[in-house]
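One point on numbering: in full-length UniProt numbering, the residue at position 476 of the sequence shown is 476, and numbering is uninterrupted.
Here the structure comes first, spelled out in structure tokens, and everything after it is commentary.
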Amino acid sequence: MPREFDGPAPAMGPDFRFILRVLAAHKTLIVVIVLALTALSAFAVSLMKDKYTSEALLLVDNRQVRVVRAEDQALNSITPEDGAILSEIEILKSTAVLSQAVADLKLATNQEFNPPAQADETKPFVERATAWTREQAHAVFGPELPGVVQAVLAHGDDMTKDTQLRETRAADSIDGVLDRVRRNLEVGIVGRSRVIQVRYTAREPEIAQKVVDTVVRRYMETRQQMDRDLSTSAVAWLEDRIATLRREVAEADTKVDAVRFKAGLVKNGTNGLMATTELEQARLRLAEAAALRARAVAQAQTLERSSGNGGSLASPVVAQLRATVASISTELAQLSRQYGPKHPRIQELQARLNEANSSLQQEVRHEIAGVREAANVAIEQENALKGMIAKLESGYQTMAEEAVPLRTLEAEAQAKRQLLDSLLGRLEEVQAQQDNRAFPTAVKLVSAPQVPHEPSGPFRLLLLLAGFVASLAVAIFIVFGIELFQRRIRTPDAVRRILGVGTVHIVPHHSTRGTRGRLDQIFQNHPFSLFSESMRALFRNHLSDLGPVGSIAVTSARPQDGKTSMSLAVAQVAAQAGRRVVVVDTDFRRSRIDGLFNLSAKKGLSDWIAGTATLDEIVHSSDQAPYAMIPAGRLMPETLDRFNVDGLIHLMAGLSPHFDLVVFDTAPALAVSDARIVCGAASKVLFVSRWGHTTASDLQAVADLGPIDHSKFVAVMTDVNLKKAASRGYQGPYNSYMATRKYYGDTTLRTAP
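Pasting the structure below:
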């Protein structure tokens, strides 16, 4: 809210004193608005009927929730938990479910859900308007109507038919009933759980319970039927997909066999291609043959080095012969101690020993020959394996290149075979779910709806409180809107800033009970009041230095600012100060002095300007005032044309022998140009603005009239309510005036009227 008219703005932040000041200034208006709107709110709340709410709770098992596509159902896709629950809520609020509930409960015939159309004189407005126009046209033009009128009436008939057709379609449709059901139906998730709360509010508790029960029942039936339909579709989709996969698997196996046989590759069940397996086995046999050959050669060489006794041979024959030789040698040695070499026994044993040694040597040579033969065989076998490995390695690169497409085909066939196995398992699961006894329920009823016994609304106290708060907000908005558009002047700073004057004199409002009247009478009857002291200060500080004969022009921005009262009050102060004062009324259009002093029938200033009266004839006196008066007189065209500065100077020259001070009561400065003429001729200009009445726009308009002569311009703010100004925190000298209120309010200092 801008406050450039109530003193300097703060550097930052809202001015709470200004806000409170505005609210306090319009407290009566605020109270009236609040009481009126609150009363309307109370009346509206009292007309509201009680409403009852019934609710049911559903538990959603998201692991059993069926999705809406047969492919997702077949592949067992599980949606996220929140998405699954929100999907169930949307299904529950769908038109299909609600339409079934409306049909079951016959809500289309219930006035709460399908109120009757408002009686519009039994006819649509377009039809009635067309009929009335046709009657008036026939009354004006007769039976034969002009073509333009007939075209207009034909267009009205077409509009009537369209309106009737729309009304007929609306009556046959249940869209309106569904909209009302949706407005009162609340479906939502309870907290962070998997529980869905279904609530319905109606005027009758039985209707609320029936709607919730029917909606939930129809929803569960619809959901179960959807699951069955999805399972049936999934079975059909699976069977079709399985048949396709079987054909694809058979075709893939056929391609694999064809490529394998074409390349001459045989597949091993555990080690891949046979060619690779043979090469690995040949290398293993080569290693074994090389080891066997090394052992055989080493054994043969050892036996050849020790061929004398065959001590390293492990042959049983050699061992037996060696034992026979040892036994004969032992016996021969024993007998040689007793007998000589010629003894027959000695010779026999010697012959037997020679024969045994001969047999041993022969057997050793035979064994050595066998070991050598085995070594040669091992060498040949090793050479043969080396040749076979070289042959296999030469053809392995060709076989590996031919095996790449074979592996690709085998991988594709294996993937299709695994997918086929998975779909076969899923087909068995879905077929089992088609049985009602094994069909899992995705949503379970946790709490069935009950008939409510206590109304759930409206919350009349809260609504009344909301109405009060809203009315208070509206009242404050209106008050600040008025303050914004009116922009009343309530501080001297605003006058100084807009008009550019140095000081503004404050004339307080005189609020003593029983003393209402003109300001000059208040000054006369209450000479010690704060108002009277202010008027004395105004005259002494600004109006007493006008010389032997001075003139004061009292004007204002607009009417009812108190310029006439101020003119008479200044004349009263000057007269009581010993001055000879005459008040001249120059407001020819709205003269007030004529009425205040009963001078309407007497000649005035306009007569002197017109030349039909002398100065002595237009100057009048009254017992009510100590000063003379010149009324404005009758308004004549020549008066306005001859009214100028020279004429006023001539008037003051004629009045100077008889008066010390001439006070001109002028017209408002913004109304006519007369005020500017008087202000130009006067010695002082007393500009009056009324506290809380004159607006900033008025002052700005005065400032825009032209430059102000500050040497003779005196700004006065009248009718200032010091108590309100000080209590509401207006910036200015109000607190200083209030400090002397008790002193100037002393009843002992007052004089009787």
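C-beta: ideal position from N, C-alpha, C; glycine also.
- By the Cβ criterion, the stretch 464-474 is not in contact with the stretch 675-695, since fewer than three pairs of Cβ atoms, one from each stretch, lie closer than 8 Å.
- Between the alpha carbons of tryptophan 691 and valine 554 lies a distance of about 17 Å.
- A straight line joining the alpha-carbon of serine 327 with that of glutamate 367 spans about 22 Å.
- Beta-bridge analysis with DSSP links histidine 526 to no other residue.
- Only exposed fits threonine 408, as fewer than 16 other CB atoms lie within 10 angstroms of its CB.
- Per DSSP, glutamate 186 is one residue of the beta strand (DSSP E) stretching across 185-189.
- Beta bridge pairing from DSSP links tyrosine 627 with no other residue.
- Judged by their CB atoms, valine 211 and leucine 59 are not nearer to each other than the 8 Å cut-off.
- Between the beta-carbon of leucine 445 and that of alanine 84 there is about 18 Å, and that puts the pair past the 8 Å contact cut.
- According to the DSSP assignment, phenylalanine 687 belongs to the beta strand (DSSP E) that extends over 684-690.
- A Cβ-Cβ contact shorter than 8 Å links methionine 566 with valine 716.
- In the three-state reduction of the DSSP assignment, glutamate 454 falls in the coil class, being assigned neither a helical nor a strand state.
- Under the DSSP assignment, leucine 546 falls outside any alpha helix (DSSP H); it carries neither an H nor an E label.
- By the 16-neighbour rule on beta-carbons within 10 angstroms, histidine 138 is exposed.
- Contact between valine 663 and valine 583 holds: CB atoms are separated by about 5 Å, below the 8 Å threshold.
- When the alpha-carbon of glutamate 88 is set against those of Ile196, Pro143, Ile379, the nearest one is in Ile196.
- In this structure, aspartate 157 lies near threonine 130, with their beta-carbon atoms less than 8 Å apart.
- Straight through space, the alpha carbons of glutamate 186 and methionine 159 are spaced by roughly 39 Å.
- Leaving aside the five residues that flank threonine 201 on each side, the residues in its chain whose CB is nearer than 8 Å to its CB run, in chain order, Lys51, Tyr52, Thr53, Asn184, Glu186, Ala208, Ser456, Gly457.
- If the five residues before and after leucine 385 are omitted, its C-beta is found closer than 8 Å to the C-beta atoms of Ala282, Arg285, Leu286, Ala289, all from its own chain and listed in chain order.
- For methionine 652, same chain residues with a beta-carbon under 6 Å away, outside a window of 5 residues either side, are Ser551, Val662 in chain order.
- For the options Gln521, Leu423, Ser556, the alpha carbon positioned closest to that of alanine 667 is the one of Ser556.
- Annotated three-state conformation of arginine 488 is strand, per DSSP.
- In the DSSP assignment, threonine 244 forms no beta bridge with any residue.
- The beta carbon of isoleucine 478 sits closer than 8 Å to those of Leu29, Ile33, all from its chain and outside the five residues before and after it, given in chain order.
- Take the alpha-carbon of proline 143 and the one of valine 45: they are about 56 Å apart.
- Under DSSP, methionine 717 takes part in a beta bridge, and its partners are Ile506, Ser689.
- The beta carbon of arginine 487 sits closer than 7 Å to those of Phe5, Thr695, Ala696, Ser697, all from its chain and outside the five residues before and after it, given in chain order.
- Scanning its chain for C-beta atoms nearer than 6 Å, with the 5 sequence neighbours on each side dropped, one finds no residue around glutamate 280.
- One Cα belongs to arginine 417, the other to arginine 241, and the distance between them is close to 12 Å.
- For leucine 461, there are no CB contacts under 7 Å within the same chain when 5 residues up- and downstream are skipped.
- If you look at threonine 324, you'll find it in the alpha helix (DSSP H) that goes 316-338.
- Ranking Arg217, Trp237, Glu248, Phe713 by CA distance to the CA of valine 501 puts Phe713 first.
- Around the C-beta of threonine 718, 16 or more other C-beta atoms lie within 10 Å, and the residue is accordingly described as buried.
- For lysine 51, there is no enclosing alpha helix (DSSP H), since its DSSP letter is neither H nor E.
- According to the DSSP assignment, leucine 655 belongs to the alpha helix (DSSP H) that extends over 645-655.
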